[in-house]
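Working notes for the structure below.
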Amino acid sequence: SSCHMQDLNTTAASGHTNHGTLDLTGGWHDAGDYNKYVWKATSSAILFMLRAFEDNPGVFKDGDLNIPESGNGTPDILDEIKWELDWLLKMQLSDGSVLYQMHVDGFASDAPPSIDTNVRFYQNPNIESASVFAGTLALAARIYGANGMTTYANTLQTAAEDAW
Numbered sequence: 017s018s019c020h021m022q023d024l025n026t027t028a029a030s031g032h033t034n035h036g037t038l039d040l041t042g043g044w045h046d047a048g049d050y051n052k053y054v055w056k057a058t059s060s061a062i063l064f065m066l067r068a069f070e071d072n073p074g075v076f077k078d079g080d081l082n083i084p085e086s087g088n089g090t091p092d093i094l095d096e097i098k099w100e101l102d103w104l105l106k107m108q109l110s111d112g113s114v115l116y117q118m119h120v121d122g123f124a125s126d127a128p129p130s131i132d133t134n135v136r137f138y139q140n141p142n143i144e145s146a147s148v149f150a151g152t153l154a155l156a157a158r159i160y161g162a163n164g165m166t167t168y169a170n171t172l173q174t175a176a177e178d179a180w
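Going by our numbering, the letters in the sequence shown line up with residues 17 to 180, in that order.
Structure (structure tokens):
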């Protein structure tokens with residue numbers, strides 16, 4: 017089920033630059049504290065999944081993962097990666113910089129994510145986030161473009177270039 021809908025109105029963490037109230041819904045949790053990091057998502061999970069698909073596209077099918085998007089004609093692994101990529105796109109500011117992370121102050125409750133209501137905040141952009149964002153989104157653009165998702169691939173490529 018959906019979780020952390022309060023992320024629709026995410027603001028800057030104390031001591032960080034205010035870039036306004038941002039919709040940072042979506043994406044994957046890092047761990048039990050429900051924080052989300054750009055560099056961890058891109059430099060590990062997404063990159064490995066993209067490379068696995070690129071190297072072995074015939075292994076991954078639509079319907080493999082029984083996710084809500086199953087049956088849409090796109091391999092489920094690409095649908096699942098897109099969920100995180102869509103969140104990453106939200107972490108990019110209009111000047112091309114990329115926010116570092118979003119987090120709670122302190123440790124999140126031990127509630128399941130679907131009922132956790134802790135307010136989360138974003139942190140300033142940094143070079144590390146922008147660099148892994150740019151490289152990963154450029155790779156994703158190539159893969160999604162080669163799989164018939166040209167408009168989405170163009171969005172990813174533009175975001176990668178803006179971060180670079």
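Using N, Cα and C, we set each Cβ at its ideal position, and we do this for glycine too.
{"Asked": "I need the DSSP call for M21, collapsed to helix, strand or coil.", "Found": "helix"}
{"Asked": "Give the C-beta separation of V54 and V114 to the nearest angstrom, bearing in mind that I take them to be a contact with Cβ-Cβ under 8 Å.", "Found": "6 Å"}
{"Asked": "Taking only the alpha-carbon atoms, compute the straight-line gap between I118 and Q139 and give it to the nearest angstrom.", "Found": "Looking at the sequence itself, residue 118 is Met, so the reference to Ile does not match. Roughly 6 Å between the two C-alpha positions."}
{"Asked": "Could you compute how far the alpha carbon of A169 sits from the alpha carbon of S145?", "Found": "20 Å"}
{"Asked": "Are Q108 and D23 touching if we call contact CB-CB under 8 Å?", "Found": "no"}
{"Asked": "Whole-angstrom Cβ separation of K106 and G161, contact assumed at under 8 Å?", "Found": "21 Å between Cβ atoms; not a contact."}
{"Asked": "Nearest CA to the CA of L101: which residue from G164, T27, V148?", "Found": "V148"}
{"Asked": "Between H62 and T174, which are expected to be in contact by the criterion C-beta below 8 Å, what is the C-beta distance as a whole number of angstroms?", "Found": "First, the amino acid is wrong: residue 62 is Ile here, not His. In fact, because the Cβ distance is near 18 Å, the residues do not count as touching under 8 Å."}
{"Asked": "If L94 sits next to F69, beta carbons under 8 Å apart, how far is it from one beta carbon to the other, in whole angstroms?", "Found": "7 Å"}
{"Asked": "With burial defined as no fewer than 16 other Cβ atoms inside 10 Å of the residue's Cβ, what is the status of P91: buried or exposed?", "Found": "buried"}
{"Asked": "Out of W180, P128, D126, state which residue places its alpha-carbon closest to the alpha-carbon of A150.", "Found": "W180"}
{"Asked": "Return the CA-CA distance between H32 and G89, expressed in angstroms with no decimal places.", "Found": "42 Å"}
{"Asked": "Which residue's Cα is closest to the Cα of A176: W44, A156, P84?", "Found": "A156"}
{"Asked": "Buried or exposed for D133, please, with buried defined as at least 16 other CB atoms from any protein chain shown within 10 angstroms of its CB.", "Found": "Here residue 133 is Thr; the residue named in the question, Asp, does not match the sequence. T133 is exposed by the Cβ-count criterion."}
{"Asked": "Give a yes or no on whether the C-beta atoms belonging to E79 and G87 are separated by under 8 Å.", "Found": "According to the sequence displayed, residue 79 carries Gly and not Glu. In contact: G79 and G87 (Cβ atoms closer than 8 Å)."}
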